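Visitor: Under the working numbering, residue 219 is the last one in the sequence shown; the count climbs by one each step, no gaps. Even glycine gets a Cβ: it sits at the ideal position worked out from N, Cα and C. On a predicted model such as this, the values are computed, not experimentally measured, just so you know.
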Amino acid sequence: MNIGDYTVHIVDDEEAVRQSLAFMLTMAGFTVRVHASATDFLTAAPSIRKGCLITDLRMPDLNGVELLRQLRSIGAALPAIVVTGHGDVPMAVDAMKAGALDFIEKPFEEEVLIEAIHRAAAELERTVDGQDVAAIRSRLEQLTEREREVLQAVVAGHANKTIAYDLDISPRTVEVHRANVMAKMEARSLPELVRMAMAAGGFAAR
């Protein structure tokens, strides 16, 4: 894993905690982004490509468990590490059930958190929605040139009419290509298709 291509997102309502973690991880070589609340992070989450989430469990707007559940509901789930106090272990278990990859009890050593981040990165590289990334790349290779163009436009967030105009084809033809892409990629939903494309590389959300 090239940690320079990987962003660690820290969600904590306490500024001192955010800045302390950000400083520690930056010194360790990671690219770090901080978010003051779960709500702020949810706004940014759909555009995140390669990264993991470190979130506190107890926050005033949404707690860590609720945050993970909402991420899954909008199709933006990503490897997550929850940080918890000793009395929050049952809640941390709920977070694991909601999709957290790991939880770390306070206080913790720097090495413990960094190892957890590396595990999260390895998980992101290995799978997306439980599927092997190599298999997803193989499916991408089965797409025609036009289907790849449509997929790239979809990942960029363009509407069918915009794609049709840009590619000089009809909106109906765009719909046909999108349906073919969904079928060939074996994607069950648009969010899943976008995650597949970005995890396989070569496509970036704008």
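If you count every other CB in all the chains shown that lies within 10 Å of the CB of G77, and 16 or more means buried, which is it?
Guide: With 16 or more other Cβ atoms within 10 Å, it is buried.
Visitor: Give every residue of the same chain whose Cβ lies closer than 6 Å to the Cβ of L153, excluding the five residues on either side of it in the sequence, and list them in chain order.
Guide: Here the set comprises A213.
Visitor: In whole angstroms, what separates the C-alpha of A210 from that of V168?
Guide: Answer to the nearest angstrom: the Cα atoms are 7 Å apart.
Visitor: Is the distance from the Cβ of V30 to the Cβ of H48 below 8 Å?
Guide: Not closer than 8 Å, so no.
Visitor: Is it true that the CB of E136 sits closer than 8 Å to the CB of N92?
Guide: The sequence as given places Pro at residue 92; Asn does not occur at that position. Yes, the pair counts as a contact, with Cβ atoms nearer than the cut-off.
Visitor: Specify whether the segment 104 to 112 and the segment 79 to 91 touch according to this definition: at least 3 beta carbon pairs, one from each stretch, less than 8 Å apart.
Guide: Flag = yes, the segment 104 to 112 and the segment 79 to 91 touch.
Visitor: What span of residues does the beta strand (DSSP E) with L66 cover, start to end?
Guide: Looking at the DSSP string, the run of the beta strand (DSSP E) that includes L66 is G64 to D69.
Visitor: Under 7 Å from any heavy atom of the ligand FMN, does the C-beta of A57 make it?
Guide: Inclusion of the ligand FMN in the displayed structure is not the case, the ligand content being empty and no account of it being possible.
Visitor: Do you know how far the Cα of T186 is from the Cα of D179?
Guide: If I take the Cα positions, the gap works out to 13 Å.
Visitor: Under the rule that 16 or more other beta-carbon atoms within 10 Å means buried, what is G42, buried or exposed?
Guide: With fewer than 16 other Cβ atoms within 10 Å, it is exposed.
Visitor: Do you know how far the Cα of D69 is from the Cα of E123?
Guide: One C-alpha to the other measures close to 16 Å.
Visitor: How would you label M198, buried or exposed, when you count the other beta carbons within 10 angstroms and need 16 or more for buried?
Guide: The residue is buried, with at least 16 neighbouring Cβ atoms inside 10 Å.
Visitor: How is T20 classed by DSSP in three states: helix, strand or coil?
Guide: Strand at T20.
Visitor: Can you name the residues that DSSP bridges to T44?
Guide: T20.
Visitor: Where N193 and E28 are concerned, what is the direct C-alpha to C-alpha distance, given to the nearest angstrom?
Guide: C-alpha separation (whole angstroms): 47 Å.
Visitor: Buried or exposed: which applies to A200, given that a residue is buried once 16 or more other Cβ atoms fall within 10 Å of its Cβ?
Guide: Buried, since its Cβ has 16 or more Cβ neighbours within 10 Å.
Visitor: Taking all protein chains shown into account, do 16 or more other C-beta atoms lie within 10 angstroms of the C-beta of T39, making it buried, or fewer, making it exposed?
Guide: It counts as exposed.
Visitor: Can you name the start and end residues of the alpha helix (DSSP H) that A51 belongs to?
Guide: Here the alpha helix (DSSP H) through A51 covers A51 to A57.
Visitor: Just list the residues that DSSP pairs F121 with in beta bridges.
Guide: The partner list for F121 (beta bridge, DSSP) is empty, contrary to what the question assumes.
Visitor: Measuring alpha carbon to alpha carbon, tell me which residue in F116, I67 and G170 is nearest D101.
Guide: Of F116, I67 and G170, the residue nearest in Cα terms is F116.
Visitor: Hey, which unbroken runs of the alpha helix (DSSP H) at 4 residues or more fall wholly within the segment 150 to 204?
Guide: With a minimum length of 4 residues, the continuous alpha helix (DSSP H) runs that stay inside the segment 150 to 204 are 158 to 168, 173 to 180 and 184 to 198.
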